[in-house]
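Visitor:
In our numbering, the protein residues as written are 281 to 384.
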């Protein structure tokens, strides 16, 4: 009965004999598949043309997804900030001493 030490996620696992291969296979984390996540819809399915999601963990995927949402929201706010001055002006003076209004 040979004892084998295997390290999985930084933890030592002691396995005896032929059970080592079966135990190692059972303890390996399942591969994360981004294609099965919420948001993959027909006709494109999961769209990742640059391959950022190949071989990443679930936590990395969640980080990429949350940062994509955050940057999308910031870009929408920036667009509103760019368009709004064409339709509305602030009342009052930008420089009262030089008689320059916000509308000028």
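Just so it is clear, CB atoms sit at the ideal spot from N, CA and C, and this is done for glycine as well. Source: prediction; values computed, not measured.
If we ignore side chains and look at the alpha-carbon of each, how far apart do residue 337 and residue 348 end up?
Guide: Those two C-alpha atoms are separated by around 17 Å.
Visitor: Could you give the uninterrupted runs of the beta strand (DSSP E) lying entirely in the stretch 346-370, keeping only those of 3 residues or more?
Guide: Counting only runs of 3 or more, we get nothing.
Visitor: At the level of alpha carbons, what is the spacing between residue 340 and residue 324?
Guide: One C-alpha to the other measures close to 22 Å.
Visitor: For residue 367 and residue 375, I'd like the C-alpha separation in whole angstroms.
Guide: About 22 Å.
Visitor: Within its chain, find whatever has a CB closer than 8 Å to the CB of residue 382; leave out the 5 residues flanking it on each side and keep chain order.
Guide: Excluding residues within five positions, the ones whose Cβ falls inside 8 Å are 369, 370, 371, 372, 373 and 374.
Visitor: Which two residues bound the contiguous beta strand (DSSP E) that contains residue 375?
Guide: From DSSP, the beta strand (DSSP E) with residue 375 extends over 373-375.
Visitor: Could you tell me which residues DSSP pairs with residue 317 in its beta bridges?
Guide: Answer by DSSP bridge pairing: none, since residue 317 is not bridged.
Visitor: With a cut-off of 8 Å on the beta carbons, I'd call residue 332 and residue 344 a contact; round off their distance for me.
Guide: Yes, they are in contact, since the Cβ atoms of residue 332 and residue 344 sit about 6 Å apart, within 8 Å.
Visitor: Exposed or buried, what is residue 314 when buried is set at 16 or more other beta-carbons lying within 10 Å of its beta-carbon?
Guide: With 16 or more Cβ atoms within 10 Å of its Cβ, residue 314 is classed as buried.
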